[in-house]
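There are 2 protein chains.
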Amino acid sequence: MPAALPLKPLPKSIATVSLSGTLPEKLEAAAAAGFDGVEIFENDLLNFDGSPAEVCRMATDLGLRIMLYQPLRDFEAMPAELFARNMARAERKFDVMEQLGADTVLVCSNVLDIAIDDPARAAADLRQMAEAAARRGLRVGFEALAWGRHTRTWRQAWDLVQRADHPALGLVLDSFHTLALGDDLSGLDAVPADKIFFVQLADAPRMSMDVLGWSRHYRNFPGQGDLPVTAFARAVLQAGYTGPLSLEIFNDEFRAAPARQTALDGLRSLIWLESEAGGHALPAPPVFDGVDFIEFAVDYVAGRELAQRLESLGFVHAGHHRSKAVDLYRQGGINLILNAEQDSAAAEHFQLHGPSVCAIGLKVDDAGRAISRARALLCKEWREPVGPDERVIPALRSPDGMLFHLIDDLDAARSIYESDFDLRVPAQADSAGAGLTAIDHIAQALPAHKLDTFVLFYRSVFGMQAESVHEIADPYGLVKSRAMVSADQRVRIPLNVSESGRTATGRFVAAYAGSGVHHIAFRSAELTQTVEQIDRSRSAMLHVPDNYYDDLAARLALDDTLLARLQRLGLLYDRDGHGEFLHTYTEPFHERFFFELVQRSGYLGYGAANASVRMAAQAKLRQG
Amino acid sequence: MPAALPLKPLPKSIATVSLSGTLPEKLEAAAAAGFDGVEIFENDLLNFDGSPAEVCRMATDLGLRIMLYQPLRDFEAMPAELFARNMARAERKFDVMEQLGADTVLVCSNVLDIAIDDPARAAADLRQMAEAAARRGLRVGFEALAWGRHTRTWRQAWDLVQRADHPALGLVLDSFHTLALGDDLSGLDAVPADKIFFVQLADAPRMSMDVLGWSRHYRNFPGQGDLPVTAFARAVLQAGYTGPLSLEIFNDEFRAAPARQTALDGLRSLIWLESEAGGHALPAPPVFDGVDFIEFAVDYVAGRELAQRLESLGFVHAGHHRSKAVDLYRQGGINLILNAEQDSAAAEHFQLHGPSVCAIGLKVDDAGRAISRARALLCKEWREPVGPDERVIPALRSPDGMLFHLIDDLDAARSIYESDFDLRVPAQADSAGAGLTAIDHIAQALPAHKLDTFVLFYRSVFGMQAESVHEIADPYGLVKSRAMVSADQRVRIPLNVSESGRTATGRFVAAYAGSGVHHIAFRSAELTQTVEQIDRSRSAMLHVPDNYYDDLAARLALDDTLLARLQRLGLLYDRDGHGEFLHTYTEPFHERFFFELVQRSGYLGYGAANASVRMAAQAKLRQG
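Line order of the protein sequences matches chains A and B.
Note that our numbering has the first sequence beginning at -2, numbered continuously upward.
Note that our numbering has the second sequence beginning at -2, numbered continuously upward.
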């Protein structure tokens, strides 16, 4: 029978190797995020110019416990002389641990070729070490490395711990080592909780490469990768484990990124994972009902220009805000807000980023619950000052400072548009336009090292799914795209990153001083009709080379009439196993963002096959 | 009997996918480097807003032949209906080729699961296609992809070509596909030369990952990676092949890097490879006799300060240049030149980079031959204006503009120091100092994407070997280090790169506006004596934390007296299977470069195990 799951949150910890900086900077960042403790990674101590006792004092002052010291390597099952040296080494490290105030040391399974293949010998060695630790009031946690010489799986490690049978010897579990091997979790929930000394949780993207390299460079936080870390954590909780949940993440990008954001992501990942695994629960994620509005930060001039661009696409000016320099443009179910109000969050956004999307409104089933969940996941809330009779819409800041407003109809007699705007045209009259009916997707461009941060944010706070990564060849480098999609697919947010600063994505990130909305796709039920209705002289649709259509004909054997129509209107075409996709792009607005018009018939993707045509055309535009 | 090797250089070509930019930019870069022709990669054409005939015109105007159009995929051994569609597709692509003026099309072996496992069928399909091509005066080259469904090796592809037996069908060989599989080259030199239609040469770093991902992202130019491309090229030349040597390189960094440098590297790699493989020969690489001098660009103030730093390390002011504001400092066999001359290459260097190494003098057996080789490998030469009676030292520019002077004694009665300097002390008297006797190594920091460029430069121009890559944990990100070493190990140039801009290496690259010498290691026969003799109050030696020595004791069981001495003097220690290494660092000079003092007893490395201690100490210094 599995034990009843603990409802109290477990202590949270992070290994110093997961964070960038000097040891004091790492401790400071872990404390600032709200961790309860840390694992001290040996090299961080060696490179620190101060005694272990000073490290202990520093951690205590910051409210952090030192929960683990690590690691001792290549310890057990060694030829006698080398084992004697190992024991002497252990005693010196126990001295360090006493100063550190750490009571548990991690021993990884031996990886050396000279290690002896004899479980009895290994168990005896571990017992001897545990006995030495116990004399100092310390404990030894043994962990199976996936590339260990003779001990690779948690079951083998558990077998050695059982054979050694010493109260100061227990198991350290690391999700990466188990999941990377595709090892079976069954039985993990039956390990006695008091023999699980410590649990490390790591995720990773699926990669086909050697496990050691994968582990050393590409681990990431739970919820950022593709491994079934939730199942692993569930088994551990079912076992009755109530010790720390810790993060030991070797990741080249984390080593370089500012430690504070990394630490915040880490704690968010553990809080989310604990809830997903059946431990201390979070409020349920929101159920989405699509995008309600997109808000652009503009000034007067950019606002006029953007309004003209929108009108050329069939949008109409639907109203002016009751108390602010804010205008509403509408078409079909799409609401676009142009905010030129001074002394507002939008104005700050405009100052930093130029004309750009500063807020997105999402329709949810229960905004209060969504905000509670976000708060528990360490999100910052935001409240805009409002005028009399105007709706207070709860909002939270995404990791780049953009606002997500969460809108439900639970406590509103009138829509936010009716309450906040002087509507100039009746809601029905403006639905015709050029036939654009909804926001299909909103694509963001991010600095390459921020992708993990945003995947975790959307996955944990909004309960979205991460789709697989697409690679797109921009003329000046690769762009990677990964879409975050709500359960019912009504909110889609593709995230684009590029290691190159010369791609459209890389340039956006450089110019925009970080991440932001890079394009917005509007959906039409009949894109050819829509494109024939819009004012193409003013809407600045992107030109598609004739060679594209020659190849399309050769590749897909399209009907000649359809092909001619696509070419005449400059539409791109793709299909997958589910249906068809027609789309077209506008030229960029102020090099900041552009619009896409799409027709989606069952198709699940975003036209990635055609994106390089778009990028080449944009590059040509830039070059004039 | 292998055919006699061709002595005339073969035509050189590059696939447009190897270069960044729009199609016109790619063609321009290939022409500027001096290529004879290009392979047109299909997507580059599709994204180009102009007809294939215009591409042909553009190439012709630039003096480039379009040598290959590629690729047609998943062509042979398909179910009948799909094969009929493939033939229709081929006819449309033949139309394109006629416009392009390309006479050969590349067909890759089918990768689809539905491909039929029947060599006779595959051969019949290829024959049918070749027949269709021949009707237009075109040819078909068939290539085995390493991940093809049924055809993966060059032997299987050759078998199909033989079975098909059509004059318009031949083999395309790609070194990556053969070498990535570790496939056998024997028999390759016996393929009739007229059946080898085209040869693509790619190298790659050794990686344990799936071949497809390896091929799509990590290929590089011959001489930049670890594959035995030379053996492959030798077999092709032995076969009597006289067609183009071409580069088809899928590399994420090349996609982002400026196309001109990439194209230059590409042509250099082919010229080098052809010579290594026994084709058109280059003058032999230089035989080195160590580093003769290092020249620093300074102004008066930085020069004074650097002089003091050098004097604290036991260097003496040995003389002033006869005609320029240049001073010579000496110790043992080490010559350091401080150049503050205005209107010189050094002054330009100082203006761009601040106080920094602007030139290195290397002792070679024959400077004239070394310069001829460099010239043939597309290096730029440099001649400094000289005064009467001063030696003219031939020099070449490295890829970052730093000068390498090449010094032999073939035509000199006096050393360059005797000819150019008023020597203030006899050559013998200054040899004592603090016991530093030679330059052990000169480390350069490079932007991450430049590593391949420099590895190829040192390997091809100087005939150096590339050692394996070390990874070092800087507090703010990983640093990768790869040493280039001359055959007799008398010239050692470790190259350091970092993806992170926050590491010591990354900061150097940002501040230095590119690559440059990051540190210089001087060798002593007795480092403890040297360090006791130098003026440590002024030499600014880097402090090493006590924790380092506690761990050293635990790890290596060093003799207590030695350990105490190391700790007192702040020396780091490492050993390998060959011997011991003692070393210590100075603090950085103007955040530009620092010095290292080393004692090397058989040891082959550079103390990488201790480099993270140094990086942490440097980071602490920066933070004050």
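Think of the CB as a built atom: it goes at the ideal place given N, C-alpha and C, for glycine as much as any other residue.
Which residues in chain B have a C-beta closer than 9 Å to the C-beta of D207(A)? List them in chain order. Taking the beta carbon of D207(A) as reference, the chain B residues within 9 Å of it are M204, S205, M206, listed in sequence order.
Using a Cβ cut-off of 8 Å, pull out every chain B residue sitting near K617(A), in sequence order please. The answer, in chain order, is T19, D46.
Residue from A484(B), E88(B), R552(B), I390(B) whose Cα sits closest to the Cα of P282(B): Comparing Cα-Cα distances from P282(B) to each of A484(B), E88(B), R552(B), I390(B), the minimum goes to A484(B).
My guess is that L182(A) and A228(A) are in contact by the Cβ rule of under 8 Å, so how many angstroms apart are they, rounded? About 6 Å; that satisfies the 8 Å criterion.
When the Cα of P76(A) is compared with those of G263(A), R118(A), W144(A), which residue comes out closest? With distances taken between CA atoms, P76(A) lies nearest to R118(A) out of G263(A), R118(A), W144(A).
With a threshold of 8 Å, are at least 3 pairs of Cβ atoms found where one atom belongs to the stretch 491 to 501 of chain B and the other to the stretch 240 to 248 of chain A? Cβ pair count under 8 Å is below three, so no.
Between the stretch 599 to 615 of chain A and chain B, which residues of the former have CB atoms less than 7 Å from a CB of the latter, in chain order? Of all residues in the stretch 599 to 615 of chain A, S609, V610, A613 have a Cβ within less than 7 Å of some Cβ in chain B.
Is the number of C-beta pairs between the stretch 167 to 186 of chain B and the stretch 136 to 143 of chain B that are closer than 8 Å three or more? Yes: the two stretches touch, three or more of their Cβ pairs being nearer than 8 Å.
Given this structure, state the Cα-to-Cα distance separating D427(A) from R327(A), to the nearest angstrom. Since pLDDT at D427(A) reaches only 47, below the 50 mark, its modelled position is unreliable, and the value read off the structure follows with that caveat. Going from the Cα of D427(A) to the Cα of R327(A) covers about 7 Å.
Three-way DSSP call (helix, strand, coil) for H446(B) in this model: Note: H446(B) maps to helix in three-state DSSP.
Less than 9 Å between CB atoms is the rule here; does V93(B) satisfy it with respect to chain A? Chain A, which has a Cβ nearer than 9 Å to the Cβ of V93(B), makes this yes.
Apart from the five residues just before and just after V610(A), which ones in its own chain have a Cβ nearer than 8 Å to its Cβ? Excluding residues up to 5 positions away in sequence, V541, P542, Y545, L569 lie with their Cβ nearer than 8 Å to the Cβ of V610(A) in the same chain.
Using a threshold of 9 Å, state whether the C-beta atoms of Q235(A) and D262(A) are closer than that. With contacts defined by Cβ atoms closer than 9 Å, Q235(A) and D262(A) do not form a contacting pair.
How many whole angstroms separate the CB atoms of L242(B) and L279(B), which I take to be in contact at a CB cut-off of 8 Å? Not a contact, Cβ separation roughly 15 Å.
Closer than 8 Å at the beta carbon, the chain A residues around R152(B): Identification of chain A residues near R152(B) by a Cβ-Cβ cut-off of 8 Å yields none; the smallest Cβ-Cβ distance measures about 26 Å.
Three-state secondary structure (DSSP) of F592(A): For F592(A), the three-state secondary structure derived from DSSP is strand.
Just reading off the beta strand (DSSP E) that L403(A) is part of, what are its end residues? For L403(A), the enclosing beta strand (DSSP E) begins and ends at 400 to 404.
Is DSSP giving D427(A) helix, strand or coil here? The predicted model places D427(A) with a pLDDT of 47, which falls under 50 and marks its position as unreliable; any figure quoted below should be read in that light. D427(A) falls in the helix class under three-state DSSP.
Between which residues of its own chain and A367(A) is the CB-CB distance below 7 Å, once the five residues before and five after are set aside? Answer for A367(A): P283, V361, L403, listed in chain order.
Where does K627(A) land, buried or exposed, given buried means 16+ other C-beta within 10 angstroms? Here chain A comprises residues numbered -2 to 621, so residue 627(A) is not present and cannot be evaluated.
A480(B) and A501(B) closer than 9 Å at C-beta: With contacts defined as CB atoms closer than 9 Å, A480(B) and A501(B) fail to qualify as a contacting pair.
Residues, ordered as in the chain, of the stretch 548 to 568 of chain B that lie near chain A by beta-carbon distance below 8 Å: Legend: CB atoms of the stretch 548 to 568 of chain B lying less than 8 Å from CB atoms of chain A belong to residues D548, A550, A551, R552, A554.
Residues of the stretch 229 to 258 of chain A with Cβ closer than 7 Å to any Cβ of chain B, in chain order: Under the 7 Å Cβ criterion, the stretch 229 to 258 of chain A contributes D249, R252, A253.
Could you please give me the residues that DSSP links to T148(B) through a beta bridge? Per DSSP, none; premise fails for T148(B).
State the Cα-Cα distance for the pair L448(B) and E302(A), rounded to the nearest angstrom. Near 46 Å, if we compare the C-alpha coordinates of E302(A) and L448(B).
Report the residue from L563(B), M94(B), G574(B), G287(B) whose alpha carbon sits nearest the alpha carbon of H580(B). When each option's Cα is compared against that of H580(B), the closest is L563(B).
S172(A) versus V35(A) - alpha carbon distance: Rounded to the nearest angstrom, the gap between the Cα atoms of S172(A) and V35(A) is 18 Å.
Got a sec: is the Cβ-Cβ distance from K90(B) to anything in chain A below 9 Å? Judged by the 9 Å Cβ criterion, K90(B) is in contact with chain A.
Could you work out which residues of chain A lie near N693(B), taking near to mean beta carbons separated by less than 8 Å? Nothing about residue 693(B) can be reported from this structure: the residues present for chain B run from -2 to 621 only.
Contact with chain A by Y473(B), beta-carbon distance below 9 Å: True, the Cβ-Cβ gap to chain A drops below 9 Å.
With L69(B) as the anchor, note down where its beta strand (DSSP E) starts and where it stops. For L69(B), the enclosing beta strand (DSSP E) starts and ends at 62 to 69.
So what's Q197(B) in DSSP terms, helix, strand or just coil? The answer is strand: DSSP assigns Q197(B) an E or B state.
Any C-beta of chain B within less than 9 Å: which residues of the stretch 572 to 586 of chain A qualify? Per Cβ criterion, the list is empty.
Look up I490(B) in the DSSP assignment and give the residues it is bridged to. Bridge partners of I490(B): M481(B).
Among T101(A), E523(A), D115(A), F293(A), the one whose alpha carbon lies nearest that of R589(A): Checking every option, the nearest Cα to that of R589(A) belongs to F293(A).
Mind pulling the chain A residues with CB within less than 9 Å of G210(B)? M204, S205, M206, listed in chain order.
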